[in-house]
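This report refers to the structure that appears directly beneath it.
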Amino acid sequence: MASTAAFPWKTGILWAALATAVALLAGMAYRLTKELNKNSTH
Numbered sequence: 012m013a014s015t016a017a018f019p020w021k022t023g024i025l026w027a028a029l030a031t032a033v034a035l036l037a038g039m040a041y042r043l044t045k046e047l048n049k050n051s052t053h
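At position 13 of the sequence shown (counting the first as 1) the number is 24 in our numbering, and the numbers step up by one without a gap.
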C-alpha cells in the first residue's frame with residue numbers, strides 16, 4: 012500500500028464523491044421501493 016503522504020488527493024476526492032453518490036442513490040431507491048410497496052398493497 013502507498014503511504015498516506017503519497018496518496019493522490021484527487022483520487023480520494025473522486026472515490027468519496029462516488030461513494031456518496033452511490034449511498035444517495037441507494038437511499039432514494041430504498042425509499043421509493045418502500046413507497047411503491049405501501050401504495051400497491053391497498
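Virtual Cβ for every residue (Gly too), placed ideally from N, Cα, C.
- Per DSSP, reduced to three states, the secondary structure at Ala27 is helical.
- Secondary structure of Thr52 (DSSP, three-state): coil.
- Inter-residue distance for Lys21 and Val33 is about 18 angstroms (C-alpha atoms, whole angstroms).
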